[in-house]
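Yeah, the sequence shown ends on 630 if you go by UniProt numbering, and it's all consecutive.
Note that CB positions come from ideal geometry on N, CA and C, so glycine has one too.
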Amino acid sequence: MESLNITDKMNPNVNQRFVVEQTCTNPNCFFCIMREPDPSPRRAKIANYFKEMPVRDDQEHVLVLSGVWNIAMIQPNDPELPSLGVFNCMASLIQKGVTDKIWLLRDQNIYIPYYAAHVIGSYTMNKVEFAEKAVESGVISPLLELLRGKISWVEQRVAVRALGHLASYEETFEALALYEEEVVNLSIQIASTCLELIYDGFVGVKERKERLKYHCDLLTRGVRGLDMENRKAEEWGSQLQCWSLYLLNCFAYKGRSLKLICKHEFLRDLCGMWGGLVNHTSPAGVGLVRILCYNKYGRKNIAEMKEVIVNLCNLARSSDDWQYIGIDCLLILLKDQDTRYKVMGVATLFLVDLVEIINLGDRSNLGEAITRALLLDYKQRKMKYSTNIDVQKALEQVWELKVEKRRKERLMCEEKVEEKRVLVGLIKQQGNYMFWSGDMEGALMKYSEALDLCPIRLRKERMVVYSNRAQCHLLLGDPDSAISDSTRALCLSNPTNSHGKSLWRRSQAYDMKGLAKESLMDCIMFIDGCNKIPHYASRMISKQMDATWLFSTARSKSMEINQMRRVQQESDGGDCERSNDEMMKTMMEKKSFIYDPLIARRAYWKVEEDQRARKLLEFDQSHMEATGFQ
1 MESLNITDKM NPNVNQRFVV EQTCTNPNCF FCIMREPDPS PRRAKIANYF
51 KEMPVRDDQE HVLVLSGVWN IAMIQPNDPE LPSLGVFNCM ASLIQKGVTD
101 KIWLLRDQNI YIPYYAAHVI GSYTMNKVEF AEKAVESGVI SPLLELLRGK
151 ISWVEQRVAV RALGHLASYE ETFEALALYE EEVVNLSIQI ASTCLELIYD
201 GFVGVKERKE RLKYHCDLLT RGVRGLDMEN RKAEEWGSQL QCWSLYLLNC
251 FAYKGRSLKL ICKHEFLRDL CGMWGGLVNH TSPAGVGLVR ILCYNKYGRK
301 NIAEMKEVIV NLCNLARSSD DWQYIGIDCL LILLKDQDTR YKVMGVATLF
351 LVDLVEIINL GDRSNLGEAI TRALLLDYKQ RKMKYSTNID VQKALEQVWE
401 LKVEKRRKER LMCEEKVEEK RVLVGLIKQQ GNYMFWSGDM EGALMKYSEA
451 LDLCPIRLRK ERMVVYSNRA QCHLLLGDPD SAISDSTRAL CLSNPTNSHG
501 KSLWRRSQAY DMKGLAKESL MDCIMFIDGC NKIPHYASRM ISKQMDATWL
551 FSTARSKSME INQMRRVQQE SDGGDCERSN DEMMKTMMEK KSFIYDPLIA
601 RRAYWKVEED QRARKLLEFD QSHMEATGFQ
């Protein structure tokens, strides 16, 4: 099938109407109808065209649909086409494509279901009256056929988008809820498996001629090249996953199908659904987690999943755009007495580093909210945490910093504050000297002494000392303490998460722990504040982008399957061919053969820890500019 090119029939002027070449002689030409200046006959002809289109075979259908798609994308709030039967027409065309395979594969009809579902989604994303008209026109049933995968993942993407819009309105939700169990199960399945499916069926196919041509054409709009196709496939794959999660959000928000959504296996999968760098508008998996946290049943299930809690904690101590969602979820869980003590042991050790945040986005006094949640019943339940020394110590730190030290300093005069400022500066300089002399332990002690003396109102001074101490922890091979101190420094920065040296140090510490996404986010924030991107930061970003690539898990699994297949063929003399399902079963039975990047990275760091710590001391001049002490 040849790729489409309709630019010669599109007029880029303000009213976005279509024009046609002067030689057109077709009396039923859609583009000629759209040029009709008199509204009354034009509307009648458009309505008649949409009515006849599904029952008439015409090679121009694809061109017409691409034109209607363009109108819907540019003018989604224009009531003309929705009022003239566009939804009935699109629903009929999708149904015809699903049921009549001979017709679908003739001419360029394979493109029609995609464009038709996209038109429905575009017209229903803003206007509830359009959504109601679409439901009345019977669009749900054919969209569900696409959601079931009757054609391919490309059509699933636009179908789940359209269904998500319909589910977001009170007036049309119940019409979709008639198929609730199936829709929820399909959305869970798509969100969990779509990236692997797209990789195996498209991105991982290296020979371009073996890829479905109409997929290539839709993805790139005629722009050729594997790189372009792969980039667009990554973008669309992220959208398919995120729109599936959005559809689940619509049900979870109403407290529907929570038993299906809160299955532990799916909650665990949600931690890895982050949208990637190609999708900045959707909170992806953590967005659904937050919706579940608003429900008692959802909180109960999330609180029982340590993996989910740790993921929320890592997000809360990151520079990700959705950091505030991680904090929100943890605060909700801590305020519920039924979940508080299930998550307290993990969450406290992370949130203690965030108690001095002032503002984060549009949230003000966030540090105070975290402090209140941690100390909610501190005096009454003090013995509750006595069995967990780390938690008890963390709560005592919060109490000392936010209650005792604040009370003591409330009446401190300015002269006393200035005196302490000078003293802290002298001790910090001593720590700097010890650091450059190679005495990391001594420098660390000096920085700790400076922090104990420094008044809490001297935020900038404390930010610098915390950041310097984080560097000591980093070079001593203690990434957890480095993350803690650099996070505290970033909370004290103005605006939050803006101190470049702390961002870079935390990025390195997260890299040591194998937390590639968190490391990548910090590194991106770091270079945003640089006039020129340092080469060491470029290397870090390249490394973490490869590790966090949307299809990295699918790629690893594909490589494992191919390796298992080669081993089996060699052992069987090349005569035995086994299916992917059999290979996966063998791999699950022999878990020692499965490569886990996180476990491998931790093992590597355990072996190389001392050497790496020494190498970090071998700064070049440009590196010193980022890690030099203040």
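| Check | Outcome |
| --- | --- |
| Comparing alpha-carbon positions, which option in 464, 404 and 88 lies nearest residue 139? | 88 |
| So residue 454 and residue 462 are supposed to be a Cβ contact under 8 Å. How far apart are they, rounded? | 5 Å |
| With C-beta atoms as the reference, is residue 61 less than 8 Å away from residue 109? | yes |
| For residue 640, which residues in the same chain have their Cβ closer than 6 Å to its Cβ, ignoring the five residues on either side in sequence? | Outside the shown range of the chain, which is 1 to 630, sits residue 640, and nothing can be said about it. |
| Cβ atoms of residue 229 and residue 216: under 8 Å apart, would you say? | yes |
| Helix or strand or just coil, what does DSSP make of residue 243? | helix |
| Please give me, in chain order, every unbroken run of the alpha helix (DSSP H) with length at least 4 that falls completely inside the segment 331-402. | 337-351, 366-374 and 389-399 |
| Would residue 99 be called buried (16 or more neighbouring beta carbons within 10 Å of its own) or exposed? | exposed |
| Specify the secondary structure class of residue 471 as computed by DSSP and reduced to three states. | helix |
| I need the straight-line Cα distance from residue 481 to residue 278, nearest angstrom please. | 32 Å |
| Would you mind reading off the limits of the alpha helix (DSSP H) that contains residue 87? | 86-99 |
| Just to confirm my understanding: we take residue 548, look at its own chain, exclude 5 residues before and 5 after, and list those with CB closer than 6 Å. What are they? | 516, 517 and 520 |
| Grab the span of the alpha helix (DSSP H) containing residue 507 for me, first residue to last. | 500-512 |
| Residue 286 and residue 322: beta carbons closer than 8 Å? | yes |
| Would you mind giving the Cβ-Cβ distance between residue 327 and residue 283, rounded to the nearest angstrom? I have them listed as a contact below 8 Å. | Rounded, the Cβ-Cβ distance is 13 Å, inconsistent with contact. |
| Closest by CA to residue 206, which one among 410, 225 and 220? | 225 |
| Have a look at 497, 115, 84 and 35 and flag the residue whose alpha-carbon is nearest the alpha-carbon of residue 359. | 497 |
| Starting from residue 69 and walking both ways along the alpha helix (DSSP H), at which residues does that stretch end? | 61-74 |
| Tell me whether residue 439 sits in a helix, a strand or coil according to DSSP, three-state version. | coil |
| Which residues in the same chain as residue 91 place their Cβ atom closer than 7 Å to its Cβ, once the five residues preceding and following it in sequence are excluded? | 137, 138, 139 and 142 |
| Between the segment 551-559 and the segment 525-532, are three or more C-beta pairs nearer than 8 Å? | no |
| Could you give the C-beta distance for residue 250 and residue 301, rounded to a whole number, given that I count them as a contact under 8 Å? | Their Cβ separation, rounded to whole angstroms, is 19 Å, which puts residue 250 and residue 301 out of contact at 8 Å. |
| Return yes when at least one heavy atom of the ligand ZN lies under 7 Å from the C-beta of residue 153, else no. | The ligand ZN is not part of the structure shown, which contains no ligands of any sort. |
| Closest to residue 180 by CA distance: which of 209, 144, 77 and 64 is it? | 144 |
| Rank 533, 487, 499 and 479 by C-alpha distance to the C-alpha of residue 514 and give the top, closest one. | 479 |
| Taking C-alpha atoms, which residue in 511, 457 and 440 lies nearest to residue 476? | 440 |
| Helix, strand or coil: which one does DSSP assign to residue 411? | coil |
| Can you tell me which of the three DSSP states residue 206 falls into? | coil |
| Is it right to say residue 190 is buried, meaning 16 or more other beta carbons lie within 10 angstroms of its own, or is it exposed? | buried |
| Relative to the C-alpha of residue 39, which residue among 77, 252, 64 and 81 is closest? | 81 |
| Would you kindly work out how many angstroms separate the C-alpha atoms of residue 512 and residue 166, rounded to a whole number? | 45 Å |
| By Cβ distance below 6 Å, which residues in the same chain neighbour residue 488 in space, the five residues on each side in sequence not counted? | 353 and 466 |
| To the nearest angstrom, how far is it from the Cα of residue 129 to the Cα of residue 164? | 15 Å |
| Is it the case that the Cβ atoms of residue 115 and residue 69 are separated by a distance below 8 Å? | yes |
| Identify which residue in 64, 119 and 104 has its Cα closest to the Cα of residue 77. | 119 |
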